[in-house]
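Note that the sequence shown covers residues 1 to 190 in our numbering.
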Amino acid sequence: AALGIPCTVVMPSNAPQFKKDAVRTAGGRIVECTPTLAARIEAVAEVVAATGAVEIHPSNQAPVILGQGSAAWELLEDCASRGIALDWVGVPVGGGGLLAGTGFAVARWNELHGTSVRVFAGEPTGADDAARSLASGQIEHNSNPQTVCDGMRTELGDVNFPVIQSTVAAIHTVEDSEILTAQRLIADRL
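Written out as structure tokens, the structure is:
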């Protein structure tokens with residue numbers, strides 16, 4: 001919206017207010033929907049049909065995945081410039097875009113630099129579709145994920161999942177209580 005391009009963001013009605021405020025502050029329009037994955041998919045389809053807008057999926061389109069992978073590439077470059085050799089990179093996983101992008105970037109880095117950095121991910125137990133998907137070899141679904149991590153109440157897609165399968169060492173699940181403890185620790189000490 002800041003560039004004069006209309007932007008509509010479909011968000012669940014229970015999305016945190018600060019996220020809604022951020023969209024509005026940037027000039028975006030919000031369409032709220034029931035907080036289920038199916039409702040979000042339906043609402044996006046309705047917006048596209050009504051406005052002719054182009055859907056930009058937050059985690060399951062190649063340009064988005066590659067863009068998200070740039071964060072890992074920058075981390076790898078920064079560590080290398082400081083003489084730090086990483087053994088692994090840890091990434092949260094919700095929709096899988098950041099994880100797939102990280103996996104792709106790390107795999108390419110390893111190829112170019114002869115390193116063997118591994119990628120691990122973590123996700124809430126109440127939204128563990130990625131861990132189950134990696135274990136089963138096919139995309140598993142969560143119809144209504146239950147976790148305090150609102151940004152992880154989504155699922156993997158057909159574009160990012162094959163990248164995840166080929167580049168991620170493991171996905172570990174974490175209880176919400178552990179996540180909240182870690183958040184408190186970070187807030188108190190950083």
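A virtual CB, placed ideally from N, CA and C, is assigned to each residue, including glycine.
Asked, Found
"Around the C-beta of residue 199, are 16 or more other C-beta atoms found within 10 angstroms, so that it is buried, or is it exposed?", "In the structure as shown, the chain begins at 1 and stops at 190. Residue 199 is therefore absent and cannot be evaluated."
"Please list, in chain order, all residues of the same chain as residue 73 whose beta carbon is under 6 Å from its beta carbon, the five residues on each side excluded.", "105"
"Between the Cα of residue 15 and those of 69, 147, 71, spot the shortest distance and give me the residue it belongs to.", "147"
"Of the residues 187, 8, 130, which one's Cα is nearest the Cα of residue 53?", "8"
"Rank 190, 25, 45, 11 by C-alpha distance to the C-alpha of residue 33 and give the top, closest one.", "11"
"Where DSSP assigns a beta bridge to residue 120, which residues make up the other side?", "90, 170"
"Hey, how far is the Cα of residue 140 from the Cα of residue 82?", "40 Å"
"Reducing DSSP to helix, strand and coil, say where residue 179 ends up.", "helix"
"Apply the 10 Å Cβ neighbour rule to residue 88 and answer buried if 16 or more other Cβ atoms are within range, or exposed otherwise.", "exposed"
"Please list the terminal residues of the continuous alpha helix (DSSP H) segment that includes residue 47.", "37 to 51"
"For residue 32, list the residues DSSP reports as bridge partners.", "11"
"For residue 143, name the three-state secondary structure that DSSP assigns.", "coil"
"Excluding the 5 residues preceding and the 5 following residue 42 in the sequence, name in chain order all residues of the same chain whose CB lies nearer than 7 Å to its CB.", "none"
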